[in-house]
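Below is one structure; the comments refer to it alone.
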Amino acid sequence: MTLSLGKDLLGLEALSGEQIKLILDTAEPFKEISLRAIKKVPTLRGATIVNLFFEASTRTRVSFEFAEKRLSADAVNVAASGSSVAKGETLVDTARNLEAMKIDMVVIRHGASGAAQFLAERIDSNVINAGDGTHEHPTQGLLDLLTLRDHFGRIEGLKVCIVGDVLHSRVARSNIWGLQKMGAEVAVCGPRSLLPNAIDDFGVTVFRRVEEAIEWADALNILRLQLERMTAGYIPSLREYNRVFGVSRERLERAPRDVLILHPGPMNRGVEIDSDVADGPFSVILDQVTNGVAVRMAVLYMLSGGNPQLAVRSAAGSANA
Amino acid sequence: MPESLLLRGGRVVDPSQRMDVVTDVLIVGDRIEAIGPRLADETKNREGLETMDCAGLVVSPGFVDVHCHLREPGREEVETIATGARAAVAGGFTAVCAMPNTDPVTDNQAAVGFIIRQAQIANAARVYPIGAISLGQRGEALAEFGEMIAAGAVALSDDGKPVASAHMMRTALEYARTFGVPVADHCEEPTLAAGGAMNEGIMSAKLGLRGIPAEAEEIMAIRDILLARRTGGHVHLCHMSTRGSVELIRWGKDRGINVTAEVCPHHISLTEEAVANYNTNAKMNPPLRTADDVAALQEAVKDGTIDLIATDHAPHHYDEKEREFADAPNGIIGLETALAVNITWLVKPGIIDVPLLVERMSCAPARVFNLPGGTLRKGAMADVTVFDPGAEWKVDPSSFRSKGRNTPYAGRTLHGRVHATLVGGRVAFRGGA
């Protein structure tokens, strides 16, 4: 059985547990590069990568950019505003024009679900989905998995609850698939108006109250509540959301065990997560960010044809892994 | 002596006269002259008689499509009345009804007259305009039903847009009674369906696409049925897509309410699975639903809860479909695949037989919309479809007469193909080898 990722990374739904484990394992040696004084290896020297961001993003874009630079790739950032996209160019034309410049990989962030797949089907370059609409955000899912594994030493059997706006969250979908494939028990908790109507068909436990979720879970992955959900009528107010679903220190203190806290960011402090939780002893939110670079290096490396078995040597500085 | 044509030795299927027999059909001029087994002998010395060998083929009254979008005026680069009417005859349709969501909207007698004139020039399938319910399809003020019908409109609809106001729907049903025409509604509760791109369910949740719940259709279906009961008007429910809608229509019909309903070939053949991989050529409104809905709709075609099959032929430009799923327009073309889809998914599995297929594609649509056609009775207009129910063919969109290429059946092998289509005795389409 091949463990190669194929041409693209579009989502975790299509991957096997073995493939996901391989990405996480491949990320391990890459973690160390970011700790060096000279944070650079020649692994992707000569490769051209375009970071095509149709939505504003700081964390993900910068994380990919560091991953690319630390692997010595030549990266170009294209933001939707100020480009020909703003002049009405279609996605397919944008893609073809980029490809005509003989690039090797595209990292795409787009507001439409399916945009990454759309691109992948139309160009020969490798495509990495950096978040498409409310569909998937696979590298976020992977970095969450890596962070859980770092902390617990395993993923299998862990109880992880995703809290918040699952309906509109690509992070939630990638986490559900990734966690399930790695053998974790997955639950979700949030107002029913912000859970997919078909959530029961995902094979997850659904908690009505966040207190129940906290009592059950080893880890909570707390989703960002988009402020526009209130104006769109999904919830009455942010204040009430915090009162009913917000993860507070008081609620966590009643848990039977220490509950690890993840959040994909950016956080709305005082809405879905209280500051003393975000900054508290069980928060691994900044570890997630650190792991993001390593996971993205691993994905870039594997899609470029790198052999995971040689990742250690590659990380050590050999150019041609 | 007018020209005459003998359709020889075909299986003549005409549910309007409960006929299903291998025999000959003689057409003189634009009329059916006779049906009988010895016509070949009786006419063999007739001068100028043309004979079409129909052995192994089905000869039926011409198909009638009460729901298509021909895009003219306004979007002639996508379809014209001429290309749509030629696509129609290629699909075995001798008459089609053109929905009024053109640009400008077909909401007045002059616009109706334009469509009729363009159809005459095209000289392919007959084209019957449907007039808008409301001016500009804005749902605010009633369009002039009387003048549009006098100019040739055969029904009223704001299709493409739901009639959001229950009061507007009620008034339309009442006012249309004067003229005896159906009011055809696109059932969609707009606040529930807002922003939806596909069926709401596990697929939409997985794909991260906004869903349109079945209830968006069902709420409006029952509203319309209840308003038909209140007003005594004839409501025709377009493109039904859910099991719930079927049950509501059955409820209405059981109570003698004047409700008729149509289903599209895609809703009796495909499920939301066709949308996986974000295939925009499987995006339409109402969306493809679940296997359970498909089964219910197939059963409803069989038992008559659904009166007829209509295409909702909706051509779009290639560029419009070649884009992000949520932004792609709704609709697929259907005129040239309807017969084969219906045969492949309804007749071949044994759900309905060929006579019932002809009933749902020809007789019932003509009857429900009070149109000429739907029969091969002596003296009737010679609108005839000759088709081979067993022929296999692979769908190649580049061969379509329609300008549209947006079909989810591309590359599929289907059963059933049109051999010839006669409109008013004239051979308007003859299939290739």
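Protein chains in written order, with the working numbering: chain S, 1160 to 1480; chain Z, -10 to 422. Each residue gets a CB set at the ideal place from its N, CA and C atoms; glycine is no exception.
- As the crow flies, the alpha-carbon of R106(Z) is around 23 angstroms from that of A299(Z).
- For H404(Z), there is no enclosing alpha helix (DSSP H); the enclosing beta strand (DSSP E) has its first and last residue at T402 to V412.
- The DSSP-derived three-state label of K1340(S) is helix.
- For N1256(S), the enclosing alpha helix (DSSP H) stretches over residues L1250 to A1259.
- In this structure, the CA atom of G241(Z) is about 8 angstroms from the CA atom of N247(Z).
- Rounded to the nearest whole angstrom, the C-alpha separation of L198(Z) and L1317(S) is 29 angstroms.
- Comparing alpha carbon positions, the residue from R1329(S), L1326(S), R1388(S) and I1267(S) closest to A1238(S) is I1267(S).
- Across the region 306 to 333 of chain Z, CB contacts with chain S closer than 8 angstroms involve D308, E311, R312, E313, F314, A315 and D316, in sequence order along the chain.
- In the DSSP assignment, S1352(S) forms no beta bridge with any residue.
- At a beta-carbon threshold of 9 angstroms, the residues of chain S lying near N266(Z) are G1273, Q1276 and E1280, ordered along the chain.
- Classified as exposed, T1217(S) has fewer than 16 neighbouring CB atoms from the shown chains inside 10 Å of its CB.
- Annotation for R415(Z): the continuous beta strand (DSSP E) segment containing it runs R415 to R419.
- Within chain Z, no C-beta atom comes less than 9 angstroms from the C-beta of G1465(S); the nearest is roughly 28 angstroms away.
- Look at R1308(S) here: in three-state DSSP terms it is helix.
- T1202(S) is classed as buried because its beta carbon has at least 16 other beta carbons within 10 Å across all chains shown.
- A contact is defined here as three or more CB-CB pairs under 8 angstroms, and the region 1417 to 1426 of chain S fails this definition with respect to the region 1388 to 1399 of chain S.
- In this structure, DSSP gives Y117(Z) an extended state, which the three-state scheme calls strand.
- D147(Z) carries a coil assignment under DSSP once its states are collapsed to helix, strand and coil.
- With a contact defined as Cβ atoms closer than 8 angstroms, A210(Z) and C253(Z) miss out at about 15 angstroms.
- Sorting W382(Z), I201(Z) and A99(Z) by C-alpha distance to the C-alpha of F134(Z) places A99(Z) at the top.
- Residues of chain Z whose Cβ lies closer than 7 angstroms to the Cβ of P1355(S) are, in chain order, A194.
- Assignment of I1381(S) by DSSP, reduced to helix, strand and coil, places it in the strand class.
- Beta-carbon to beta-carbon, G1323(S) and L1353(S) are separated by about 7 angstroms, close enough to satisfy the 8 angstroms threshold.
- A residue is called buried once 16 or more other Cβ atoms fall within 10 Å of its Cβ, and H1327(S) is buried on that count.
- Here the region 1176 to 1186 of chain S makes contact with the region 1456 to 1467 of chain S; the two share three or more CB pairs at distances below 8 angstroms.
- Using a CB distance below 9 angstroms, the part of the region 178 to 202 of chain Z facing chain S consists of A186, E189, G190, I191, M192, S193, A194, K195, L196, G197, L198, R199, G200 and P202, ordered along the chain.
- In the displayed model, I105(Z) falls within a helix according to three-state DSSP.
- A1173(S): not part of any beta strand (DSSP E); DSSP gives it neither H nor E.
- Exposure of E31(Z) is indicated by the presence of fewer than 16 other C-beta atoms within 10 angstroms of its C-beta.
- For G1323(S), there are no neighbours in chain Z by C-beta distance under 8 angstroms, as the nearest C-beta there is about 16 angstroms away.
- The Cβ atoms of R278(Z) and S230(Z) lie closer than 8 angstroms to each other.
- Within the same chain, and ignoring the five residues on either side of G405(Z) in sequence, the residues whose Cβ sits closer than 8 angstroms to its Cβ are L328, A329, N331, I332, T333, V336, F376, D377, P378, G379 and A380.
- Flagged as an interface residue toward chain Z: T1249(S), by a C-beta distance shorter than 8 angstroms.
- Listed by position along chain Z, the residues whose Cβ is nearer than 7 angstroms to that of H1294(S) are L196 and G197.
- Nearest Cα to H1269(S) within the set V1330(S), L1211(S), A1186(S) and G1342(S): L1211(S).
- As DSSP reads the structure, M187(Z) sits in a beta bridge with G200(Z).
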